[in-house]
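Participant:
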Amino acid sequence: MNILKTNTLLFFVALFSLQSCGQNNTIDTEKIKNVSSDVLLKSDTDWKNELTDEQYYILREKGTERPYSGKLLLNKEKGIYKCAACGNELFTDEMKFDSHCGWPSFDKEIAGGKIIQKVDNSLGMKRTEIACAKCGGHLGHIFDDGPTETGKRYCVNSVSLSFTPAENTNTNVPNASNFNATDTVVLGGGCFWCTEAIYEELSGVISVESGYSGGKTKDPSYEEVSSGNTGHAEVTRIIYNTKETSLDEILKVFFIGHDPTTLNSQGADYGTQYRSVIFYKNENQKNIAQSLINTLNKEVYDGKIVTQLKPFETFYIAEKYHQDYYTNNKDKPYCRMVIQPKIEKFEKAFKDRLKKQ
C-alpha cells in the first residue's frame, strides 16, 4: 500500500493487486458467514434421550407441527426465544409479529450468526430452511413476504423454541439497551484502507479507525511502519454495539474481507505490517476467535489459516489522511480496483446486515 507518485504507476499496481489480492475465488463466502464457531455435537441417541418425541421429530427429523397448535404462537410476553434443544438465543419479543399463518413469525433474528440457512427442495418446492447454528436443529423456513421493513418472515415451529420471560433476563430491562452495550476489537487484515471501508457498512458498528498495533515503536509514523522495522501491523480498531452485532459476526466479516492463508502478505502488499492478526483484549475474545479459526480451518480453509492471535497492548491511530480513506478517495484507482471489489463481496454475503443509508 505504498503511496505512489503518479496515477499511472498506481493504476498498474492496483491492477496487479486486484488480480492477486483477497481470497481465492473458490472460497464460499456464504459458507463463512453461516458457519457456526460454537457447534454442539451430540449423537442421535443423546438427542432422543434429551428431547420429547415431538421435539425430536421437528428439530432432528425436520418435521412440522400442526398450524395454530403451538403454545408460543399467541405469546405476547417480553423476553427471548431460544432453541429448545441447546438454548441458543434466536429471537426477541420485539422481532415477533402476527402473520396469521399458524406458526410463530419473526421479522429478523438476533445478530451474530445464530441461524443458518439451507436450500430445501422437499415436497416438490424450493424453500429456504432455517436451522440453529449451534446444534443444527430444524426451526422452520424463511420467506420474503414479511410485512415489516425487513421484508422477512421467519416461520418457526413453536416446538423448536423455548421462551425466557424478560424478568429472567437482562436483555429487555428498561433503559438497559445502551448500558455496557459496546465492545472493541483490533484487527489486522492487510491494507487498513480496505478493512476500514468494509466495517463502516456493517450494522452495529459504531466507529472504525485505522492505525498501528503489535510492535514496540511508540507512536510510529506510516513511513516507519511501512519499512517493516517497527513490528507494528496496519490495523483497524472497531467499536461496536453488542446489542446489534457480535464478535463472532465481526470476525466472520474479517475472514471474508481478506485472505487469512497468506503469510505476511495481501495481494501485492508484502511485509509483516500486512500480517493477518487478531488482537484480543481478554480470554473471552481469544476463545471466540480461536473457536472460529478452528471451525474455518476444518470446514473452509483446510487447515491453511495463518492468522495470529495476540494479546492487545497499544493502539496508535494513523495519520488523518488514512481515516475514511475510501470514502474520501473513491475515484482513485486503488479504491476502484482493489477496495471496491472487496466491499462488493462483503455486501453480497451480508446484504441483510448493512447499515441503512
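Using my numbering, the letters of the sequence shown map in sequence onto residues 36 to 392. Heads up, the beta-carbon is just placed ideally off N, CA and C, and yes, glycines get one too. Only a predicted model underlies this, so the values are computations on that prediction, with no experimental measurement involved.
Are the Cβ atoms of N217 and I274 separated by less than 7 Å?
Facilitator: According to the sequence displayed, residue 217 carries Thr and not Asn. Yes.
Participant: For Y360, which residues from the same chain have a beta carbon less than 6 Å from its beta carbon, with the 5 sequence-adjacent residues on both sides left out?
Facilitator: If we look at Y360 and ignore the five residues flanking it on each side, its Cβ neighbours are W228.
Participant: What does the alpha-carbon distance come out to for the pair N299 and H357?
Facilitator: So the alpha carbons of these two residues sit roughly 21 Å apart.
Participant: Round the Cβ separation of K345 and T219 to the nearest angstrom and send it over; I've been treating them as touching at under 8 Å.
Facilitator: The Cβ separation is near 15 Å, so there is no contact.
Participant: Please determine, among T99, D142 and I285, the residue with the shortest C-alpha to C-alpha distance to F132.
Facilitator: Closest option to F132, Cα to Cα, is D142.
Participant: Could you work out which residue in H135, S248 and T87 is closest to S197 when comparing CA atoms only?
Facilitator: Residue T87 is the option with its Cα nearest to S197.
Participant: For the candidate residues R310, A119 and E96, whose alpha-carbon lies nearest to that of L107?
Facilitator: When each option's Cα is compared against that of L107, the closest is A119.
Participant: Considering Q320, what are the terminal residues of the alpha helix (DSSP H) in which it resides?
Facilitator: Taken as a continuous stretch (DSSP letters only), the alpha helix (DSSP H) holding Q320 covers E318 to E334.
Participant: Give me, in chain order, the residues of the same chain whose beta-carbon lies closer than 7 Å to that of D283; leave out the 5 immediate sequence neighbours on both sides.
Facilitator: Here the set comprises S72, G147, G148, I323 and L327.
Participant: Hey, out of T265, T362, I145 and D179, whose CA is closest to C167's CA?
Facilitator: Among T265, T362, I145 and D179, the Cα nearest to that of C167 belongs to I145.
Participant: For the pair the region 245-259 and the region 363-381, tell me if three or more CB-CB distances fall below 8 Å.
Facilitator: Too few Cβ pairs lie closer than 8 Å, so no.
Participant: According to the neighbour-count rule (16 or more other Cβ atoms, all chains shown, within 10 Å of its Cβ), is V208 buried or exposed?
Facilitator: Below a pLDDT of 50, predicted positions are generally treated as unreliable, and V208, at 35, falls in that range; no measurement from the model is reported.
Participant: What residues in its chain sit with their C-beta under 7 Å from that of G239, if we drop five residues either side in the sequence?
Facilitator: Closer than 7 Å at Cβ, skipping near neighbours: A146, Y275, N276, E279 and T280.
Participant: Just verifying my parser: in three-state terms, what is the DSSP assignment at P209?
Facilitator: Unreliable placement is indicated for P209, whose pLDDT of 35 sits below 50; the coordinate value is still reported in the next sentence. P209: coil per DSSP, three-state reduction.
Participant: List the residues that DSSP assigns as beta-bridge partners of P139.
Facilitator: Bridge partners of P139: none, in fact.
Participant: Give a yes or no on whether the C-beta atoms belonging to Y309 and G225 are separated by under 7 Å.
Facilitator: In this structure, G225 lies closer than 7 Å to Y309 by Cβ.
Participant: Taking the alpha-carbon of N319 as reference, which of A303, F347 and T307 has the nearest alpha-carbon?
Facilitator: Taking only the C-alpha atoms, the option nearest N319 is F347.
Participant: Which of the three DSSP states, helix, strand or coil, is assigned to I378?
Facilitator: Helix, per DSSP.
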